[in-house]
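Adding 292 to a residue's 1-based position in the sequence shown gives its number in our numbering.
Virtual Cβ for every residue (Gly too), placed ideally from N, Cα, C.
What you are looking at is a predicted structure, and each value in this text was computed from that prediction instead of being measured.
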Amino acid sequence: MTNTKAMINIYNVIFFKLYKTSLKTANKDIAEWTTMIAMSILIFFNITSVIVLTKIYKTGIFNVHSMPIIMIVLLIINYLLFIRDKKYLKIAKEYSKISELKNKILGYIVLFYVIGSIWLFFHIIETYKPYI
């Protein structure tokens with residue numbers, strides 16, 4: 293398996309687990325949109341954390357004005373990956389076939405990723421607030 297394919301599979305697994313959670317907790321009619329927005333926010337948190345930790349923002353490439361652009365690009369990418377042509381249904385069908393044990397393990401990994409991403413983002417923003 294190539295690195296690109298592995299990354300896409302991981303991204304699909306995260307989408308699938310969040311989508312299944314959205315079906316249980318959110319409005320089922322818009323679960324795919326809720327999941328797409330949640331994925332975009334998580335990736336935005338990850339990108340922002342990397343930008344702050346690596347101090348890329350000091351180069352002038354990224355600033356407060358570029359953040360909405362990053363979010364819009366993420367929303368467009370996730371729309372193309374999951375919503376267009378109802379690809380989320382294909383992903384849900386594919387990953388619904390996994391074993392119960394693997395499903396639980398992936399669930400915990402995704403939960404750890406979500407909590408970790410949110411915690412890291414807010415921790416970094418709070419820690420580096422005076423420097424940003």
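Rounded straight-line distance, which links the Cα of I397 to that of I302: Cα-Cα distance, rounded: 13 Å.
Pair within 8 Å by beta-carbon distance, Y420 and V344: A Cβ-Cβ contact shorter than 8 Å links Y420 with V344.
Inter-residue CB distance, V402 and I306 (contact presumed, cutoff 8 Å): Right, their Cβ atoms sit about 5 Å apart.
Spatial distance of N319 from T313 (CA atoms): If I take the Cα positions, the gap works out to 11 Å.
Cβ distance (whole Å) where F404 is taken to contact F337 below 8 Å: At roughly 14 Å, the Cβ-Cβ gap does not stay under 8 Å, so F404 and F337 are not in contact.
Length of the line joining the Cα atoms of K379 and P422: Here the alpha carbon of K379 sits roughly 43 Å from the alpha carbon of P422.
Reduced DSSP category for G352 - H, G, I as helix; E, B as strand; rest coil: It is coil, neither helix nor strand.
Alpha-carbon to alpha-carbon, I368 and S358: Distance between the alpha carbons of S358 and I368 is about 16 Å.
Contacting residues, own chain, Cβ-Cβ under 7 Å from S409 (five flanking each side not counted): So the qualifying residues of the chain are L334, F337 and N338.
Same chain only: Cβ atoms within 8 Å of A384, ignoring 5 sequence neighbours per side: Once the five neighbours on either side are set aside, the close Cβ partners of A384 are F308, Y311 and K312.
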